[in-house]
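Residue numbers (this note's numbering): 1 to 427. Note that CB positions come from ideal geometry on N, CA and C, so glycine has one too. One structure is given here, and the rest of the page talks about it.
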Amino acid sequence: MSDTDRLEPASMARAFREARRRGMEVEPAVLFHDLGRMRARIGRIGAAFPPGALHAVAIKANPLVEVLRAAVDCGAGLEAASLEEVRLSLAAGCPPGRIVYDSPAKTRAEIAEALRLGVRLNADNLDELERIDALVRPEAAAGRIGLRINPQVGASSIALTSVADRRSKFGVPLEQADAVRAAFARYPWLAGLHVHVGSQGCAQAQLIDGIRRVEALRQEIRRARGSGAASVMDIGGGLPVAYRSTDRPPALEDYAAALRREVPTLFEGGTTLITEFGRWVQAGCGFAVSRVEYVKKDSAGRTAILHLGADFLLRRAYHPDDWHHDFVALDPDAAAKEGPLSACTLGGPLCFGGDVLARDLALPDLSPGDLVLIRDTGAYTLSMWSRHCSRGIPAVLGVDGGEIRVLRERERPEDVVAFWSRGRGQP
Ligand SMILES: *Cc1c(COP(=O)(O)O)cnc(C)c1O
């Protein structure tokens with residue numbers, strides 16, 4: 001079974017019309033996040049894995065506190081890629097025991113703060129274990145500290161998000177398993193292993209292969225040190241989603257069933273299982289709508305200028321072959337735009353030539369005042385917002401059943417001035 005479930009353009013357009021009818025700030029561009037859909041996805045993860053598992057949603061996919069709060073309120077934990085993301089988790093009301101702090105660059109001060117806060121953390125390397133050892137009170141850290149392993153299963157189809165090739169910058173390479181065994185002998189507080197195989201570009205078989213290798217090492221450590229040892233296994237995220245109608249990513253339930261079949265020890269009692277899905281939870285919950293400001297025509301075709309570009313869709317602008325989005329033309333009333341198709345380039349609002357979202361797309365003839373809907377923008381878009389050219393971030397609106405509420409207000413020019421100023425309110 002594959003997971004082709006995506007929000008339909010008609011329902012997205014309906015949410016846009018409703019937000020505009022309510023006088024919310026939808027011009028000249030607006031971002032949406034469907035919280036009901038997000039909760040349903042978190043519910044599916046919970047149902048597919050054993051009841052005691054912790055499902056920490058990767059904050060770096062979408063760091064809006066109101067989005068995180070909705071995830072926490074339905075039982076999820078949060079995965080933090082920085083100490084700042086740990087603070088975002090706390091701001092969202094996440095209990096420390098449900099926060100997983102992963103970063104390859106933790107300073108001593110950050111490690112000390114994480115230990116003080118009582119969050120879970122995964123060390124990236126053996127030197128970090130030494131730093132932790134100098135700071136930890138073992139009895140206070142019980143069951144909360146893991147070690148990231150690079151399973152060395154090879155790069156994914158997307159170089160930029162590969163983390164499991166032989167020389168990845170993340171984790172202790174599996175070929176150094178002896179050093180990992182020695183670490184468990186040396187540090188009684190070390191509670192488990194962590195692996196995150198990749199993001200979007202990994203096939204299900206590759207994800208499972210990486211997890212299987214690290215789980216085999218964990219089982220070996222448990223056999224050597226007793227069944228209470230290495231009781232935590234964090235299998236990361238990385239499950240891909242559909243960005244095109246022809247994409248056939250695995251269904252979450254099939255992925256969990258395949259793990260249960262191929263790596264059954266993960267599901268045994270006595271193991272605390274942790275997942276860290278980001279994109280799978282968030283990508284399909286988000287969409288964006290921009291007004292068409294100008295349409296330029298020349299002998300080669302037309303270019304429509306939008307209010308979202310490389311600031312919002314950074315990866316799309318720089319690596320369009322790896323990062324696809326569907327664009328849908330709407331008329332000024334947000335109804336599907338009809339008419340014959342012709343080649344149209346979608347340009348962003350920034351002052352550099354690479355700020356192009358799509359070249360020569362077959363679209364109905366766009367005019368100023370029409371709208372362009374961008375699908376599947378809920379992950380790795382707003383979280384990668386680029387300040388180049390200093391445009392303000394549009395309002396982010398949360399769709400929740402029939403309700404729509406502001407998740408983040410539109411940034412004003414004065415907010416951007418404050419961002420580039422000396423700081424803490426000083427001009
Ligand atoms: C980015 C990241 C994730 C989330 O990856 P997705 O592809 O969004 O599921 C999980 N764990 C770690 C350590 C990460 O760096």
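Buried or exposed by the 16-neighbour rule on C-beta atoms within 10 Å, applied to residue i
i      : result
Phe352 : exposed
Tyr294 : exposed
Arg424 : exposed
Phe184 : buried
Ile338 : First, the amino acid is wrong: residue 338 is Glu here, not Ile. Looking at its Cβ environment, which holds fewer than 16 other Cβ atoms inside 10 Å, Glu338 is exposed.
Phe419 : exposed
Leu83  : buried
Leu259 : buried
Leu193 : buried
Glu130 : exposed
Pro138 : exposed
Ala336 : exposed
Pro349 : buried
His319 : exposed
Arg41  : buried
Glu8   : exposed
Leu54  : buried
Ser421 : exposed
Ala362 : exposed
Asp178 : exposed
Lys296 : exposed
Gly198 : buried
Glu128 : buried
Pro332 : exposed
Arg248 : exposed
Pro51  : exposed
Beta carbon proximity, residue i to chain B, threshold 8 Å
i      : result
Ser245 : Among the chains in the structure shown there is no chain B, since it carries only a single protein chain.
> Residues near ligand 1, CB to any non-hydrogen atom under 5 Å, in chain order?
Replying inline: Those residues, listed in chain order, are Ala58, Ala61, Asp102, His196, Ser199, Gly236, Gly237, Gly238, Glu276, Phe277, Gly278 and Arg279.
>> Three Cβ pairs or more, each shorter than 8 Å: is that satisfied between the stretch 269 to 278 and the stretch 53 to 66?
In response: yes
>> My parser needs the alpha helix (DSSP H) runs of 4 or more residues fully inside the stretch 132 to 218; what are they?
In response: 177 to 186
>> Just to confirm the assignment: which complete alpha helix (DSSP H) runs, minimum length 4, are found wholly within the stretch 38 to 77?
In response: Runs of the alpha helix (DSSP H) lying entirely within the stretch 38 to 77 and spanning at least 4 residues, in chain order: 65 to 73.
> Would you call the stretch 366 to 381 and the stretch 389 to 405 touching, i.e. three or more CB-CB distances under 8 Å?
Replying inline: no
> Can you give, in chain order, each stretch of the beta strand (DSSP E) that sits fully within the stretch 251 to 312 and has at least 3 residues?
Replying inline: 272 to 275, 286 to 291, 294 to 298 and 301 to 305
> Is there contact here, the stretch 355 to 372 with the stretch 400 to 408, by at least three beta-carbon pairs under 8 Å?
Replying inline: no
>> With three or more C-beta pairs closer than 8 Å as the rule, is the stretch 221 to 229 touching the stretch 152 to 171?
In response: Two segments are said to touch when three or more pairs of C-beta atoms, one from each, lie closer than 8 Å; by this definition the stretch 152 to 171 does not touch the stretch 221 to 229.
> Quick one: any contact between the stretch 65 to 79 and the stretch 88 to 97, if contact means 3 or more CB pairs under 8 Å?
Replying inline: yes
>> Below 8 Å, how does it come out for the stretch 403 to 411 and the stretch 21 to 41: are there three or more Cβ pairs, yes or no?
In response: yes
>> I want to know whether the stretch 225 to 235 touches the stretch 257 to 274 - three or more CB-CB distances under 8 Å.
In response: yes
> Unbroken beta strand (DSSP E) runs of length 3 or more, entirely within the stretch 331 to 398: which are they?
Replying inline: 341 to 347, 356 to 364 and 371 to 374
> Does the stretch 245 to 256 come close enough to the stretch 209 to 219 to have 3 or more Cβ pairs within less than 8 Å?
Replying inline: At 8 Å Cβ cutoff, the stretches do not touch.
> Can at least three beta-carbon pairs, one atom from the stretch 200 to 210 and one from the stretch 138 to 147, be found at a separation below 8 Å?
Replying inline: The stretch 200 to 210 vs the stretch 138 to 147: no contact.
> Where in the stretch 94 to 132 do unbroken runs of the alpha helix (DSSP H), each at least 4 residues long, occur, reported from the N-terminal end onward?
Replying inline: 108 to 117
> Is the stretch 408 to 415 touching the stretch 317 to 331 in the sense that three or more CB pairs, one from each, lie closer than 8 Å?
Replying inline: no
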